[in-house]
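Here the structure comes first, spelled out in structure tokens, and everything after it is commentary.
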Amino acid sequence: MKVGILALQGAFREHKKAIENLGHTALEIRLPEHLEGIDGLIIPGGESTTIGKLMVEYSLLEPIRELGQQGKPIMGTCAGAVLLAKNIDGSDQPRLGLMDIAVIRNGFGRQVDSFEEDLEIDALGDQPFKAVFIRAPYITDVSPQVGILSKIDDTRIVLVRQGSFLACAFHPELTDDSRIHQYFFNMIEEIKNKF
Amino acid sequence: MSEKGTIKVKTGLAEMLKGGVIMDVTTPEQAKIAEEAGACAVMALERVPADIRAAGGVARMADPTIVKRIMETVTIPVMAKARIGHFVEARILEELGADYIDESEVLTPADEDYHIDKKDFKVPFVCGARNLGEALRRIGEGAAMIRTKGEPGTGNIVEAVRHMRKVMSEIRKIQNMPKDELMTAAKEMQAPYELVLQVKELGKLPVVNFAAGGIATPADAALMMQLGSDGVFVGSGIFKSNNPAVRAKAIVAAVTHYNEPKILAEISTDLGEAMPGLEISSIEPHERMQERGW
């Protein structure tokens, strides 16, 4: 499987490692022509405003949005989840807006409030997932088409899937637990087999 | 059970800053320009290094009002500088909610022997280094991010290049060294042995490593990236140039596309005057900021 990683800014190296550890090929995407032939795309953590501006500047926003609309699987982690959201609280920053979710940036507070937490994620089995939240957003609202996979305190949504899209408020690329990446690769397989 | 201030969370923020530009700003207006240009973080200061150098005297932590106003203005992370060894300035910045503290040689050191015990803080620290031993000593004290020292406020890239090349070549040496020589290497570099082992295993520093001290143009930024930096700090280079907004945007693009000469040529065009530069030999050795700290 060939998985693209948007490599404009942020933690794209860690995603690359996670992809390769699972035996797949990772391609760094910096320009529109790099998008050719990928089976899925990961948008990493980083600064969502920086990544959004560079996507506009280097003509990546439209082509990626089109790929998404055609059904190409996309996973966004942290800043990537923000960029996938239709609604970003109090911000008019550039975004893909592919998912019917509303997010609040830095929802858990500043860096001193960043944290690690064991999350219950039924879709990944009984074992809790050690999740790293760094100046993380959370999802405040979802449309009925969106499946909620994990929450904190029953109110703050941190992992959701809508069809071929997966949005994750934390950083699965910073831990050795590969289950979220595996979940995304299973999504790619499942969607590929449908066509 | 949620855990705050862990090493994972501290080094993790630096991981998120990679491939980005951290810009020195002294006012909310400048912070806004930096954010609009695509900075991944800003450093809130009272004066940029070039002005600190020109003013002389003792340079201290910025007034909390400046840090707070900048924090209110932008949504990207806000860093601030504390003097080397001044753990009370660091406590104040932590209390204000700064996202990262730079224990920085740009300010006048408060302690000539001891750096801050950075493990004792919830907020992460970045520290300057000129070589691998210095970087590993700071990491040993709890720094979650390293940057080359370069020579701040000069607009002259030569020292940043020297320090980055030095760190990278020392890492390569450690990588190729048989295990039984590592303890002696640690002793000679005055670095914690466990961290030397980690460098051998990883083939890189155990934390993110940025370039700083003298970056004035997009080409300077791309040069540092090609030499192995994870990102860059630009101090005086942006707001001491005559067109900060345009230059800031060009440096951001240069860090993303550091390996694309065609894009670098485009973004280097029509930027206006860069900051005036300083020849290193014109600065007396005792006035060089890189000599501060050990």
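Heads up: the sequence lines are chains F and W, in that order.
Just so you know, the first sequence maps onto residues 226 to 420 in the numbering used here.
Just so you know, the second sequence maps onto residues 974 to 1267 in the numbering used here.
Every residue gets a Cβ at the ideal spot worked out from N, C-alpha and C, and that includes glycine.
Within chain W, the residues G992 and T1229 have their CB atoms less than 8 Å from the CB of L233 of chain F, given in chain order. Using a Cβ-Cβ cut-off of 8 Å, G270 of chain F counts as an interface residue toward chain W, since at least one Cβ of chain W sits closer than that to its own. Within 10 angstroms of the beta-carbon of P1258 of chain W lie fewer than 16 other beta-carbons, which makes it exposed. Sequence-ordered contacts of the segment 1040-1054 of chain W with chain F read T1048, I1049 and P1050 [C-beta pairs closer than 7 Å]. Within the DSSP bridge table, the entry for Y363 of chain F names F:I329 as partners. E988 of chain W and V1096 of chain W have their alpha carbons spaced roughly 15 Å apart. In chain F, no part has a C-beta under 9 Å from the C-beta of D1093 of chain W; the shortest such distance is about 14 Å. Between P353 of chain F and D366 of chain F, the C-beta spacing is not below 8 Å. One thing to note: F1183 of chain W has its Cβ within 8 Å of the Cβ of S1202 of chain W.
Separation of the CB atoms of F409 of chain F and A356 of chain F is rounded to 15 Å, and the pair is thereby denied contact status at 8 Å.
Chain order gives the chain W residues near L399 of chain F as K981, G985 and E988, where near means a beta carbon separation below 8 Å. Close CB contacts of L1018 of chain W within its chain, under the 6 Å cut and outside five residues either way in sequence, are with D997, T999 and A1035 (chain order). Proximity of the segment 377-394 of chain F to the segment 301-311 of chain F meets the contact definition, three or more beta-carbon pairs being nearer than 8 Å.
Within the segment 1123-1184 of chain W, the runs of beta strand (DSSP E) at least 3 residues long that lie entirely inside it are, in chain order, 1181-1183. K1139 of chain W and S316 of chain F have their C-alpha atoms roughly 43 Å apart.
The three-state reading of DSSP puts D1024 of chain W in helix, counting H, G and I together. Across the segment 327-348 of chain F, CB contacts with chain W closer than 9 Å involve R330, N331, G334, R335, Q336, V337, D338, S339, F340, E341, E342 and D343, in sequence order along the chain. The residues P1037, V1040, K1041, M1044 and A1053, in chain order, have a CB closer than 8 Å to that of L1069 of chain W in the same chain once the five nearest residues on each side in sequence are set aside.
Spatial neighbours of P397 of chain F in its own chain (CB-CB distance under 7 Å, excluding positions within 5 residues in sequence) are listed in chain order as T302, I405 and H406. Around the beta-carbon of L1105 of chain W, 16 or more other beta-carbon atoms lie within 10 Å, marking it buried. A direct Cα-to-Cα measurement between G1187 of chain W and I373 of chain F gives close to 48 Å.
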